[in-house]
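Novice: Mind having a look at this structure? Questions to follow.
Numbering (the working numbering), first residue to last: 11 to 196.
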């Protein structure tokens with residue numbers, strides 16, 4: 011059991027006899043009143059999002075989560091096909107566990123599969139991935155003096171903002187938690 015104040019994004023909790031993953035969390039303080047944690051949780055079974063409010067002292071149950079590394083192979087309909095790198099067994103993971111995963115995965119990337127009691131509970135992406143820019147406006151001469159950005163489409167279809175010096179065909183590092191450009195890959 012953990013206190014609500016210790017909740018973090020991505021943590022799996024049990025609430026109302028259902029398993030939820032923390033999608034977003036904010037601590038709110040109201041003057042001299044008690045502060046609380048405003049949470050957006052995602053039901054692991056149904057994929058439904060719901061808002062909950064917990065007192066900072068509320069105790070929440072955290073189930074035992076087994077994590078195992080898998081290798082992403084390809085997308086098949088509304089499932090991702092992953093392979094266990096040790097046994098070469100393949101599993102099909104529904105996209106409802108992490109809808110954004112397909113925008114960051116090209117193939118052969120390592121991901122963590124979370125299981126609770128043998129059931130699939132979640133899919134964790136690496137914190138950063140390297141993607142190639144497929145479509146972005148051309149470089150603007152002399153645009154290095156200002157802090158501006160431009161739209162870019164990655165090879166997976168992900169749309170992000172990049173600095174003006176990034177060109178088509180260049181590889182960039184992207185943060186999977188925020189969807190933001192980090193740096194150009196050399």
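Glycine included, C-beta positions come from ideal geometry on N, C-alpha and C.
Residue 146 and residue 165 look like a contact to me (Cβ under 8 Å); what is the Cβ gap, rounded to whole Å?
Specialist: Position 136 of the chain shown holds residue 146. Position 155 of the chain shown holds residue 165. Their Cβ separation, rounded to whole angstroms, is 12 Å, which puts residue 146 and residue 165 out of contact at 8 Å.
Novice: Considering only their Cβ atoms, is the gap separating residue 88 from residue 105 smaller than 9 Å?
Specialist: Here residue 105 refers to the residue found at position 95 of the chain shown. Here residue 88 refers to the residue found at position 78 of the chain shown. Yes, the pair counts as a contact, with Cβ atoms nearer than the cut-off.
Novice: Checking 9 Å against the spacing of the C-beta atoms, do residue 32 and residue 23 come in under that value?
Specialist: As a first step, residue 32 is located in the chain shown; it is residue number 22 there, counting from the start. As a first step, residue 23 is located in the chain shown; it is residue number 13 there, counting from the start. Yes, they are a contact pair.
Novice: Report yes or no: do the segment 72-88 and the segment 54-64 share at least 3 C-beta pairs separated by less than 8 Å?
Specialist: Counting Cβ pairs under 8 Å, fewer than three are found: no touch.
Novice: Spatial neighbours of residue 35 within its chain, please: CB distance less than 8 Å, with the 5 preceding and 5 following residues excluded, ordered by chain position.
Specialist: Walking along the chain shown from the start, residue 35 turns up at place 25. Closer than 8 Å at the Cβ level, and outside the excluded window around residue 35, lie 17, 18, 19, 47, 48, 49 and 50.
Novice: DSSP three-state call for residue 161: helix, strand or coil?
Specialist: As a working note, residue 161 is residue 151 in the chain shown. Here residue 161 sits in strand by DSSP.
Novice: Should residue 174 go down as buried or exposed, given a rule of 16 or more other Cβ atoms within 10 Å for buried?
Specialist: The residue you call residue 174 lines up with position 164 of the chain shown. Buried, because 16 or more other Cβ atoms sit within 10 Å of the Cβ of residue 174.
Novice: Just reading off the beta strand (DSSP E) that residue 141 is part of, what are its end residues?
Specialist: Walking along the chain shown from the start, residue 141 turns up at place 131. Looking at the DSSP string, the run of the beta strand (DSSP E) that includes residue 141 is 138-145.
Novice: Would you list the residues sitting across from residue 64 in a DSSP beta bridge?
Specialist: Taking the first residue of the chain shown as 1, we reach residue 64 at position 54. According to DSSP, which records beta bridges pairwise, residue 64 is partnered with 47.
Novice: For residue 80, which three-state DSSP category applies?
Specialist: The sequence position of residue 80 within the chain shown is 70, counting from 1. It is a strand residue.
Novice: For the beta strand (DSSP E) holding residue 2, just list the boundary residues, first then last.
Specialist: Because the chain is modelled from 11 through 196, residue 2 falls outside the range shown and cannot be assessed.
Novice: If you draw a straight line from the alpha carbon of residue 194 to that of residue 180, how long is it in whole angstroms?
Specialist: Within the chain shown, the letter at position 184 stands for residue 194. Within the chain shown, the letter at position 170 stands for residue 180. Approximately 8 Å between the Cα atoms of the pair.
Novice: Please list, in chain order, all residues of the same chain as residue 119 whose beta carbon is under 6 Å from its beta carbon, the five residues on each side excluded.
Specialist: The residue labelled residue 119 in the question sits at position 109 within the chain shown. Correct list, in chain order: 82.
Novice: What separation, rounded to the nearest whole angstrom, lies between the Cα atoms of residue 183 and residue 136?
Specialist: For this step, residue 183 is matched to residue 173 along the chain shown. For this step, residue 136 is matched to residue 126 along the chain shown. Cα to Cα, residue 183 sits roughly 12 Å from residue 136.
Novice: Rounded to whole angstroms, what's the CA-CA distance from residue 185 to residue 27? Just pull it up for me.
Specialist: Here residue 185 refers to the residue found at position 175 of the chain shown. Here residue 27 refers to the residue found at position 17 of the chain shown. One C-alpha to the other measures close to 33 Å.
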